[in-house]
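Trainee:
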Amino acid sequence: MFFVSYKKNAMRYLVYFSLITIFAGCFGKRNYNYPPPTVWGSKPVYGSDSTLKKITYSPTPASVTNAGNIYVKGNYLYQVETGRGIHIIDNTVPSNAARIGFVSINGCSQISIQGAILYSNNYDDLVIINISDLQNIKEVARTKNAFPSGRMYYPNSEPAESGYYQCPSYDSLVVSWVKDSIPSSCYKN
Amino acid sequence: MILVIKRIAFFALTGLIVSCTKDAQNETAATTTGKGGSLAKFTIAGNYLYSVDNSSLFTFDISNPLTPVKTSVEYIGNTIETIYPFKNRLFIGGANGMYIYSIDTPSLPTRMGTALHVRSCDPVVANDSVAFVTLKGNTLCGPAVSGLYINNVSNLFQPVLRKVIEIESPEGLAIHDTTLYVCNNDAGLKIYNITDPFNPVERKSIIDGSNYRDAIPYQNLLICFVSSGIVLYNITDPVNPVFLKQIAN
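Residue numbers (our numbering), protein chains in the order written: chain A, 22 to 210; chain B, 3 to 251.
Spelled out as structure tokens, the structure:
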């Protein structure tokens, strides 16, 4: 009788542990040893919010390296460059469609347009951009912390390669990763 | 348990409804809204911006674009992936199922029906009565059978899976009147006649070496997101796209 009840509890804890491990696996496993042993792995390089939260526009075509979602309105197509911004394509004559400019939005993954206003995500902020003048595209408003998880999960929040990495501080935004001696606090499969 | 799985499979099939015919639905008297694909996590309906992250639905009143107001945050579930508007409904795709929300009160979306399925990746498109979902059951996304899952959603509180069409590696999809476009990654682009939406008839399969990920029908154009760039087709004849241009990455 006692043995049966022990087995039931053990099963229950096994399920909970598995769930926690699975979830940990989604976002990078944390090493619960303290202090975590030092290993050779990936170390975050942070950028400043003031630089990373600035929207800029260049009216020259840029090539696509990390293709993201597409969008269309009127004579223009838009394509997200995941983590970096939005390409603008002149589609007035589709057989001659070509990229004409790039709006730089760090941490970007989404786009929607209403009227002459483009909405996108700049990490955790909703950024509002006026596109009425294609020579002079600029941010006109911003809703800070509109998407709280956008400060933790964005294209550079983990290194590209698998292995140990130093868990980034959520106070700062990561712009790149370098190899170094690090506390093995996080692991990516 | 088997019954539950059967129900889930049933709902999955209906995912892809032809909202493409309704480009005009996004137009208000004062401003027009653009059009995204089925992989989008942002969408605008009326004067509201709706956005999903990995687990929740965020609603913003954007009647004054300079001062958006967050009016609602609604937890949906785990691994939420896509959002698709049709009239006053939002169809939200996630790894565990399709979730239907009412935006009768646009500032406060409320859950109507849910079609759960075995774990997989799924964008969804819908119209008045049918929701089409593509599920990709590979090792990354989960164990479901890959394919097009067609759900009857005439009762939005109770989606009912009607049919599953197995497809190799389906991803984004789009409805355009009585035509359904299903992107099939390296296996190309499949085109179905959906005059009878619960019995799609495959009319054409474009296999041209491109990896098709999503497609947006817009006026008489089909705008395709492929891994190597953007491909544009003229779809004046919707089941016989005419190649116009490829914009390489």
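Where is the CB? At the ideal position from N, CA and C, for every residue including glycine. Model, not experiment: these values are computed from the prediction.
(1) Roughly how many angstroms lie between the CA atoms of residue 245 of chain B and residue 239 of chain B, to the nearest whole one?
(2) For the region 89-100 of chain A, which residues have a CB atom closer than 9 Å to at least one CB atom of chain B, in sequence order?
(3) Exposed or buried, residue 243 of chain B, counting other C-beta atoms within 10 Å across all chains shown (16 or more means buried)?
(4) Taking just the CA atoms, how far does residue 117 of chain B sit from residue 162 of chain B?
(5) Here's a check: name, in chain order, each residue in its chain whose Cβ is nearer than 6 Å to the Cβ of residue 152 of chain A, leaving out the five neighbours to either side.
(6) Looking at the structure shown, is residue 181 of chain B part of a helix, part of a strand, or coil, going by DSSP?
(7) Does residue 118 of chain B have its Cβ less than 8 Å from a Cβ in chain A?
(8) At a CB-CB cut-off below 8 Å, which residues of chain B make contact with residue 168 of chain A?
(9) Please compile the residues from chain A whose C-beta is within a distance smaller than 8 Å of the C-beta of residue 216 of chain B.
(10) I want to verify the contact list: residues of chain B whose CB lies under 8 Å from the CB of residue 110 of chain A, in sequence order.
(11) Given residue 104 of chain A, which residues of its chain have a CB within under 8 Å of its CB, disregarding the five upstream and five downstream residues?
(12) Could you check whether the Cβ of residue 118 of chain A sits closer than 8 Å to any Cβ belonging to chain B?
(13) Can you give me the Cβ contacts of residue 233 of chain B inside the same chain, cut-off strictly under 7 Å, excluding the 5 residues immediately before and after it?
(14) Nearest CA to the CA of residue 100 of chain A: which residue from A:82, A:116 and A:114?
(15) If you follow the alpha helix (DSSP H) that residue 73 of chain A is in, where does it begin and where does it stop?
(16) Using a Cβ-Cβ distance under 8 Å, would residue 85 of chain A count as near chain B?
(17) Are residue 47 of chain B and residue 87 of chain B touching if we call contact CB-CB under 8 Å?
(18) Contact criterion: CB-CB distance below 8 Å. Does residue 181 of chain B meet it with respect to chain A?
(19) What number of angstroms, rounded off, separates the C-alpha of residue 71 of chain A from the C-alpha of residue 205 of chain B?
(20) When Cβ atoms are compared, which residues of the region 34-49 of chain B fall closer than 9 Å to chain A?
(21) Take residue 202 of chain A as the anchor and find which of A:185, A:85 and A:135 has the nearest alpha-carbon.
(22) Could you spell out where the beta strand (DSSP E) holding residue 172 of chain A opens and where it closes?
(23) Taking the C-alpha atoms as reference points, what is the distance between residue 85 of chain A and residue 56 of chain A?
Mentor: Taking the coordinates as given:
(1) For the purposes of this step, residue 245 of chain B is taken as the residue at position 243 of the second sequence. For the purposes of this step, residue 239 of chain B is taken as the residue at position 237 of the second sequence. Looking at the two C-alpha atoms, the distance is approximately 12 Å.
(2) 89, 90, 91, 92, 93, 94, 95, 97, 98, 99 and 100
(3) The count along the second sequence starts at 1 and reaches residue 243 of chain B at position 241. Buried, since its Cβ has 16 or more Cβ neighbours within 10 Å.
(4) Taking the second sequence and counting its residues from 1, one reaches residue 162 of chain B at position 160. Taking the second sequence and counting its residues from 1, one reaches residue 117 of chain B at position 115. Residue 162 of chain B and residue 117 of chain B: Cα-Cα distance of roughly 8 Å.
(5) Here residue 152 of chain A refers to the residue found at position 131 when the first sequence is read from its first residue. Excluding sequence neighbours, residue 152 of chain A sits near 137, 139 and 158.
(6) Locating residue 181 of chain B in the second sequence gives position 179, counting from the first residue. Strand at residue 181 of chain B.
(7) Within the second sequence, the letter at position 116 stands for residue 118 of chain B. Closer than 8 Å: no.
(8) By one-based count along the first sequence, residue 168 of chain A stands at place 147. Simply 53, 55 and 60.
(9) Locating residue 216 of chain B in the second sequence gives position 214, where the first residue counts as 1. By Cβ distance, chain A contributes 90 and 91.
(10) Translated into the one-based positions of the first sequence, residue 110 of chain A becomes position 89. Chain B residues near residue 110 of chain A: 232 and 249.
(11) Counted from its first residue, the first sequence places residue 104 of chain A at position 83. Result list for residue 104 of chain A: 87, 127, 128, 129, 130, 175, 176 and 177, in chain order.
(12) What you label residue 118 of chain A is simply residue 97 of the first sequence in a count that begins at 1. True, the Cβ-Cβ gap to chain B drops below 8 Å.
(13) Taking the second sequence and counting its residues from 1, one reaches residue 233 of chain B at position 231. Closer than 7 Å at the Cβ level, and outside the excluded window around residue 233 of chain B, lie 212, 226 and 248.
(14) Within the first sequence, numbered from 1, the residue matching residue 100 of chain A stands at position 79. Of the listed residues, the one whose Cα sits closest to residue 100 of chain A is A:82.
(15) As a position in the first sequence, residue 73 of chain A is number 52, starting the count at 1. 70-73 is the extent of the alpha helix (DSSP H) around residue 73 of chain A.
(16) Here residue 85 of chain A refers to the residue found at position 64 of the first sequence. Closer than 8 Å to some Cβ of chain B, the Cβ of residue 85 of chain A qualifies, so yes.
(17) One-based indexing of the second sequence puts residue 47 of chain B at position 45. One-based indexing of the second sequence puts residue 87 of chain B at position 85. Against a cut-off of 8 Å, the Cβ pair of residue 87 of chain B and residue 47 of chain B comes out as a contact.
(18) For the purposes of this step, residue 181 of chain B is taken as residue 179 along the second sequence, with counting starting at 1. False, the Cβ-Cβ gap to chain A never drops below 8 Å.
(19) Your numbering for residue 71 of chain A matches position 50 in the first sequence. Your numbering for residue 205 of chain B matches position 203 in the second sequence. Answer to the nearest angstrom: the Cα atoms are 53 Å apart.
(20) 34, 35, 36, 37, 38, 39, 41, 42, 43, 44, 45, 46 and 49
(21) Stepping through the first sequence from its first residue, residue 202 of chain A is reached at position 181. That would be A:185, whose Cα lies nearest to the Cα of residue 202 of chain A.
(22) Taking the first sequence and counting its residues from 1, the one referred to as residue 172 of chain A is at position 151. Residue 172 of chain A -> no beta strand (DSSP E), and no H or E assigned at all.
(23) Position 64 of the first sequence, counted from the first residue, corresponds to residue 85 of chain A. Position 35 of the first sequence, counted from the first residue, corresponds to residue 56 of chain A. Their backbone Cα atoms lie some 42 Å apart in a straight line.
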